[in-house]
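Data block below; observations after.
In the numbering used here, the protein residues as written are 428 to 544.
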């Protein structure tokens, strides 16, 4: 598959995964505050809220586990980026309790990791 097709496939797979993840979180009672929250520090896949806790959600979607678990791609650098995104969010939203979650999707299997880091 040429690179442009691979890139398109990865982006498409990622967007489908993000939609599935948000729908799953809504079923669990979370409210979507913002999908694809963009800051000067990067983008969070979704910002959600439940019971007074604002959750910054990273979604990792893969078609298989050939290269390991998707959650393993949420390394220290990605975690640090999410912390900065949350700090930026808190500048305009006072008294926010923050948490970080990861949803990994492989095929039809979805795994939610709350308080991931």
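For every residue, glycine included, the Cβ atom is placed at its ideal position computed from N, Cα and C.
Owing to the predicted nature of the structure, the values given are computational and were not obtained by experimental measurement.
- Annotation for residue 472: the continuous beta strand (DSSP E) segment containing it runs 469-477.
- C-alpha of residue 520 to C-alpha of residue 457: approximately 18 Å in a straight line.
- Under the DSSP definition of a beta bridge, residue 538 partners with 531.
- Following the DSSP letters along the chain, one finds residue 485 inside the beta strand (DSSP E) bounded by residues 480-489.
- Here the alpha carbon of residue 539 sits roughly 16 Å from the alpha carbon of residue 481.
- According to the DSSP assignment, residue 461 belongs to the beta strand (DSSP E) that extends over 458-466.
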